[in-house]
Amino acid sequence: MLSLLAVNRAARAAITTYPARTRTTLRSLFTTVGPKQGAHANATSTGNGTVSRTKVLTIESMNPNIREMEYAVRGAIPIRAEKLKDQLKTHPGSLPFKQVTACNIGNPQQLEQKPLTFLRQVSALMEYTDLLSPQMIDTTRKLFPEDAIERARRNLSFVGNAVGAYTQSLGIFEVRQDIARFIEERDGFPSSPDNICLTSGASGAVERVIDMLVSSPDVGIMIPIPQYPLYTATLARVNAQAVPYYLQEDKDWQLSVSDLEHSLAEARAKGTDVRALVVINPGNPTGGCLLESNIAEIVRFCERHHLVIMADEVYQTNIYTETNPFVSFKKVVAQLGSDVELFSFHSISKGMIGECGRRGGYYEAVNIDEKVMDQLLKLASVSLCPNVQGQMAVDIMVNPPRPGDASYEQYKAEIEDIFESLRRRAKKLARAFNSLPNMSCNDAQGAMYCFPRVELPQAFIEEAKAKGQQPDSLYCMQMLEATGISVVPGSGFGQYPGTFHFRSTFLPPENLFDDFIDSFKRFHLGLLARYSPKI
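In this text, residue positions in the sequence shown follow this note's numbering: the first is -16, and each later residue adds one.
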């Protein structure tokens, strides 16, 4: 191999074959970056004969958009929670609690939600295909039900019997066909696999659509407050504008179209090119579920103002109320005969599936320009394809065992058990919050969270401000240090000015739920006793 010096000599010799002006330019380049000078560019002497090169990538030189991003769900409090967890491992008994309870994120299996048997059986067979070989199939049939075996064979046929191979960039066509059938059964209106794109979780789908929408720093997207921090983080990353609108806490977090009108008019008056509206239904972090009539109003609003709808519907099976059943934006758009542009998102991370780590999701594009669809395909192609086992889990979510299948009764029972347990825990946690002074909480109609409002003592608020912290952040950090319970402050989601909240999942195991509630109650009452004025 030629040395750098030899390469430079050869290059300098070759320069003589160029015209005079070109020779001058090339010589200046080699003078600037040649081995004697360029090797130590941006370097400083350490004083002992060695040279220390300064870093190219620093916190000052990096992309400022990424530096400004915030994602409270995995922010300072969860980071501290991980350190406390490590401390408990290395020094048991050194903290006033036995374990850290991660209520900061909707991660069901981290908190002992049991995976669905059928999904894991199919996954196992697809990973270790020798179990389906003629030599082993008799043994396999003693361990796995016939429909799991057949589903594994069917799904393997989609990918050439290799889950380790790339698939189509939009996702496996047959899985997209199953998604389209699921949407048709759910809504009663046609769906096409050509309008569906599988992604590595719904987050990837949301980011992709925002990437398509944002063409300049003047572009804005309307987001609910409170909102899931994915949206503000992604908008910060692409240097776009978040246009907030407030949900109505006193009306179970419903959405007011008059508030939408006000927020939109205000943003456009400032020169913001508002292009889309994000709606999270069921709500995260609020747990609210929109009425069908409200959804229709939102669709008409977007028609009037020429806005794309981004419908985040990942909690659509987490509905615990009889009065507000889930209705998709796709269904309402179809019922109204609307031509409004719509992206709908769904995921295997939530619901009773709870397979967060498999990273499976999809979006359906409705009324989107064909040339834009081509660009969405190009954008998907850059990432090659979504996680294959994630795609297969999506297929089971939308095409589960049917009546008469060997696994149907067990699958149905597991789904119902998880659902009923979540509903019990949702009611119990809201009831506990509402039983405490200086706290109120709407019932969680859906999703996996309660979002209680806390009336913090003035002395506590002043202490937080003196420390340069948000009062709700300090409250949540003190809760973690005292109880091991990790939650997310409301300021991480946005909240109405002058109010304080936090988001807690109701995912701790049911057999530990009372202890979890008791720990929180002791902390809250103790804090009020320390900071409230003595009478």
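The C-beta atom is built at its ideal place from N, Cα and C for all residues, glycine as well.
Note that the structure is a prediction, hence the values are computed from the model and not measured.
Could you tell me the distance, in whole angstroms, from the CA atom of residue i to the CA atom of residue j?
| i | j | result |
| --- | --- | --- |
| residue 90 | residue 197 | 30 Å |
| residue 233 | residue 442 | 26 Å |
| residue 474 | residue 434 | 12 Å |
| residue 144 | residue 112 | 8 Å |
| residue 294 | residue 270 | 15 Å |
| residue 398 | residue 205 | 35 Å |
| residue 129 | residue 148 | 26 Å |
| residue 379 | residue 470 | 31 Å |
| residue 60 | residue 501 | 21 Å |
| residue 519 | residue 373 | The structure shown does not extend to residue 519, since the chain is modelled only from -16 to 518, so the question has no answer here. |
| residue 201 | residue 256 | 6 Å |
| residue 116 | residue 109 | 12 Å |
| residue 150 | residue 366 | 11 Å |
| residue 465 | residue 192 | 41 Å |
| residue 11 | residue 36 | For residue 11, the pLDDT reaches just 45, beneath the cut-off of 50, and the residue's location in the model is therefore unreliable, although a value from the coordinates is still provided. The straight-line gap from Cα to Cα measures roughly 23 Å. |
| residue 526 | residue 288 | Look at the range of the chain in this structure, -16 to 518, and you will see that residue 526 is not part of it. |
| residue 104 | residue 376 | 11 Å |
| residue 23 | residue 50 | For residue 23, the predicted model reports a pLDDT of 45, less than 50, meaning its position is unreliable; a value from the coordinates is still stated below. Looking at the two C-alpha atoms, the distance is approximately 28 Å. |
| residue 514 | residue 66 | 28 Å |
| residue 412 | residue 487 | 9 Å |
| residue 309 | residue 303 | 10 Å |
| residue 382 | residue 161 | 6 Å |
| residue 107 | residue 440 | 53 Å |
| residue 392 | residue 384 | 9 Å |
| residue 240 | residue 229 | 10 Å |
| residue 186 | residue 394 | 27 Å |
| residue 268 | residue 176 | 31 Å |
| residue 41 | residue 64 | 27 Å |
| residue 195 | residue 120 | 48 Å |
DSSP has residue i in a bridge; who is on the other side?
| i | result |
| --- | --- |
| residue 279 | DSSP, once it has assigned bridges, lists no residue as partnering residue 279. |
| residue 293 | 261 and 326 |
| residue 524 | Here the chain comprises residues numbered -16 to 518, so residue 524 is not present and cannot be evaluated. |
| residue 422 | 437 |
| residue 429 | 302 |
| residue 85 | 469 |
| residue 256 | 202 |
| residue 181 | 345 |
Would you call residue i buried or exposed, if buried means 16 or more other Cβ atoms sit within 10 Å of its Cβ?
| i | result |
| --- | --- |
| residue 5 | Because residue 5 carries a pLDDT of 44, less than 50, the predicted location of this residue cannot be relied on, and the following value inherits that uncertainty. By the neighbour-count rule (16 or more Cβ atoms within 10 Å), residue 5 is not buried but exposed. |
| residue 122 | exposed |
| residue 494 | exposed |
| residue 126 | exposed |
| residue 508 | exposed |
| residue 408 | buried |
| residue 343 | buried |
| residue 301 | buried |
| residue 390 | buried |
| residue 247 | buried |
| residue 231 | exposed |
| residue 46 | exposed |
| residue 516 | exposed |
| residue 512 | exposed |
| residue 39 | exposed |
| residue 84 | buried |
| residue 254 | exposed |
| residue 19 | The predicted model places residue 19 with a pLDDT of 43, which falls under 50 and marks its position as unreliable, so this point remains unresolved. |
| residue 124 | exposed |
| residue 189 | buried |
| residue 472 | buried |
| residue 431 | buried |
| residue 15 | With a pLDDT of 42 at residue 15, under the threshold of 50, the modelled position of that residue is not reliable, and no figure is offered here. |
| residue 74 | exposed |
| residue 327 | buried |
| residue 480 | exposed |
| residue 503 | buried |
| residue 209 | buried |
| residue 292 | buried |
| residue 420 | exposed |
| residue 77 | exposed |
Ignoring anything shorter than 3 residues, give me the beta strand (DSSP E) runs that lie fully in the segment 322 to 378, in order along the chain. Runs of beta strand (DSSP E) with 3 or more residues, each lying fully within the segment 322 to 378, are found at 325 to 330 and 344 to 349, listed in chain order.
Cβ contact check for the segment 456 to 469 and the segment 280 to 298: 3 or more pairs under 8 Å: With the cut-off at 8 Å, the segment 456 to 469 and the segment 280 to 298 do not touch.
With three or more beta-carbon pairs closer than 8 Å as the criterion, would you say the segment 154 to 171 touches the segment 221 to 232? Too few Cβ pairs lie closer than 8 Å, so no.
Quick one: any contact between the segment 309 to 320 and the segment 169 to 181, if contact means 3 or more CB pairs under 8 Å? The answer is yes - the segment 169 to 181 touches the segment 309 to 320, with three or more Cβ pairs under 8 Å.
Any chance you could list the beta strand (DSSP E) runs of at least 3 consecutive residues sitting entirely within the segment 447 to 508, in chain order? Along the segment 447 to 508, the beta strand (DSSP E) occurs as fully enclosed runs of 3 or more residues at 485 to 488, listed in sequence order.
May I ask you to verify whether the segment 94 to 112 touches the segment 332 to 339, counting CB pairs closer than 8 Å and requiring at least 3? Taking one beta carbon from each stretch, the segment 94 to 112 and the segment 332 to 339 have 3 or more pairs nearer than 8 Å; the two touch.
Meets three-Cβ-pair contact criterion under 8 Å: the segment 350 to 367 and the segment 415 to 426: No: the two stretches stay apart, fewer than three of their Cβ pairs being nearer than 8 Å.
Suppose only complete runs of 3+ residues qualify. What are the beta strand (DSSP E) ranges in the segment 131 to 195, listed by chain order? Fully enclosed beta strand (DSSP E) runs of 3 or longer: 179 to 182.
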